[in-house]
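In this note's numbering, the protein residues as written are 199 to 557.
Data block below; observations after.
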Ligand code: PBG
């Protein structure tokens with residue numbers, strides 16, 4: 199074997215000249231008198247030959263610093279309960295939550311999004327704005343143990359209402375303006391507990407402006423608002439509702455969450471939230487709405503997060519459990535697609551696990 203041949207083989211390359219079979223030309227030439235063609239001068243494969251070359255021209259990066267881990271906190275002591283429809287995801291009582299946060303921080307994830315499941319629910323969701331509520335106590339504990347971990351809190355009533363709707367129900371409908379007042383109370387109690395940012399996920403009109411105004415009045419002008427601006431009425435929230443026990447008792451959420459058929463409306467929602475003082479916008483779910491992530495990013499140029507929701511997580515977990523997909527590769531590809539669409543940050547139940555794979 200000639201030295202030249204050994205070299206090309208060890209680099210994993212196949213030289214056309216060496217594999218030429220019979221009289222098949224190695225370099226196709228355009229037929230005489232044909233218009234000028236970019237090929238063979240242009241060969242896109244040249245920069246795909248090695249991992250180093252691919253790395254030099256990679257357009258999208260993905261690291262643990264882009265990921266936000268959602269966490270469920272429950273009342274009680276010593277509780278760790280697996281969510282059946284979300285393999286690998288547990289609901290923690292406060293001290294277990296703090297231990298979990300240690301593991302999350304250790305793999306390089308710098309932010310968590312906190313959801314509370316109170317011991318008791320009622321008509322007006324009072325647990326949401328109780329200064330000693332489950333989220334408020336968890337924020338205190340997390341910030342004390344991990345001052346560097348960014349703690350974002352979900353601001354919504356659905357985990358706290360006995361009927362499971364995201365707001366106060368009057369005459370069989372979620373009343374927008376009463377709900378907004380309760381949400382603002384909730385956001386303030388989270389900020390007082392030490393939350394680094396609040397994330398309203400209710401889809402009421404005008405809530406960003408009211409929350410911003412009241413946070414400022416109450417001495418929290420530096421607490422950012424991550425607005426779930428384009429939150430769709432999605433079938434992919436099913437597993438989350440098991441985890442949060444927040445399935446609506448009657449009706450559904452289509453009277454306040456967005457119609458999956460709309461995208462221009464998402465841009466309007468985003469623009470309104472920015473005008474009302476949102477610091478970051480969120481699109482949710484993520485993968486079925488990558489076009490919306492792209493449009494919201496392009497048309498607002500504001501920081502955008504995308505929420506890779508429970509159903510998106512559980513589908514990957516189920517396929518992986520059956521051996522149908524290569525889980526780390528499929529998860530990396532999924533999260534990369536969300537970043538490529540334009541998301542700055544990704545909320546994903548895979549944050550801790552994927553951060554381990556990304557290192
Ligand atoms: C509402 C809320 C929901 C999710 C996040 N915040 C559920 C809903 O609207 O029913 C869903 C998240 C997920 O599916 O992962 N507070």
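By construction, the Cβ of each residue, glycine as well, lies at the ideal position given by its N, Cα and C atoms.
Asked                                                                                                                : Found
From 555, 244, 541, 551, residue whose alpha carbon lies closest to that of residue 264                              : 541
Nearest-angstrom Cα separation, counted from residue 292 out to residue 275                                          : 7 Å
Identity of the residue in 349, 333, 342, 326 nearest residue 377 by Cα                                              : 326
Distance between residue 469 and residue 497 (C-alpha atoms, nearest Å)                                              : 9 Å
Inter-residue spacing [alpha-carbon to alpha-carbon] between residue 389 and residue 413                             : 8 Å
Any heavy atom of the ligand PBG within less than 5 Å of residue CB: hits in chain order                             : 354, 356, 399, 435, 438, 507, 508
Residue(s) in a DSSP beta bridge with residue 315                                                                    : 272
Reduced DSSP secondary structure (H/G/I, E/B, other) of residue 513                                                  : helix
Helix, strand or coil at residue 478 [DSSP, three-state]                                                             : strand
Start-to-end residues for the beta strand (DSSP E) that takes in residue 526                                         : Segment 525 to 539 is the alpha helix (DSSP H) holding residue 526; no beta strand (DSSP E) there.
Beta carbon of residue 485 nearer than 8 Å to that of residue 536                                                    : yes
Where residue 214 sits in the DSSP three-state scheme                                                                : For residue 214, the predicted model reports a pLDDT of 48, less than 50, meaning its position is unreliable; a value from the coordinates is still stated below. Three-state result, residue 214: helix.
Neighbourhood of residue 316 by C-beta, 6 Å cutoff - its chain only, sequence neighbours within 5 removed            : 325, 332, 358
Sub-8 Å separation of residue 405 and residue 431 beta-carbons                                                       : no
Limits of the beta strand (DSSP E) - the one that residue 502 falls within                                           : 502 to 506
8 Å Cβ shell around residue 252 - same chain, five flanking residues per side excluded                               : 245, 246
Beta carbon of residue 305 nearer than 8 Å to that of residue 351                                                    : no
Supposed close pair residue 391, residue 337 - CB separation, criterion 8 Å                                          : 4 Å
Helix, strand or coil at residue 545 [DSSP, three-state]                                                             : strand
Unbroken stretches of the alpha helix (DSSP H), 4 residues or longer, contained in the segment 359 to 414            : 374 to 391
Limits of the alpha helix (DSSP H) - the one that residue 247 falls within                                           : Unbroken run through residue 247: none, as it is neither H nor E.
Opening and closing residue of the beta strand (DSSP E) in which residue 350 lies                                    : 348 to 353
Proximal residues to residue 146 (C-beta, below 8 Å), its chain only, five neighbours per side dropped               : Residue 146 is absent from the model: the chain starts at 199 and stops at 557.
Residue 492 beta carbon near the ligand SAH (any heavy atom closer than 7 Å)                                         : Only the ligand PBG can be found as ligands here, which leaves the ligand SAH out of the picture.
Whole-angstrom distance between residue 222 and residue 206, CA atom to CA atom                                      : At residue 206 the pLDDT is 42, less than 50, meaning the model places this residue with poor confidence and gives no usable figure here.
Span separating the alpha-carbon of residue 320 from that of residue 534                                             : 41 Å
Reduced DSSP category for residue 466 - H, G, I as helix; E, B as strand; rest coil                                  : helix
Residue burial classification, residue 401 (beta-carbon count within 10 angstroms, cutoff 16)                        : buried
At least 3 beta-carbon pairs within less than 8 Å: the segment 500 to 510 vs the segment 432 to 441                  : yes
Sequence-distant residues of the same chain with beta carbon closer than 8 Å to residue 260, five excluded per side  : 530, 533, 534, 537, 556
Other residues of its chain near residue 278: CB distance less than 7 Å, five sequence neighbours each side excluded : 288, 290, 294
Residue 341 versus residue 347 - alpha carbon distance                                                               : 7 Å
Nearest-angstrom Cα separation, counted from residue 518 out to residue 398                                          : 32 Å
Beta-carbon proximity list for residue 462, same chain, < 6 Å, skipping 5 on both sides                              : none
Buried versus exposed call for residue 444 [16 or more other C-beta atoms within 10 Å across all chains shown]       : buried
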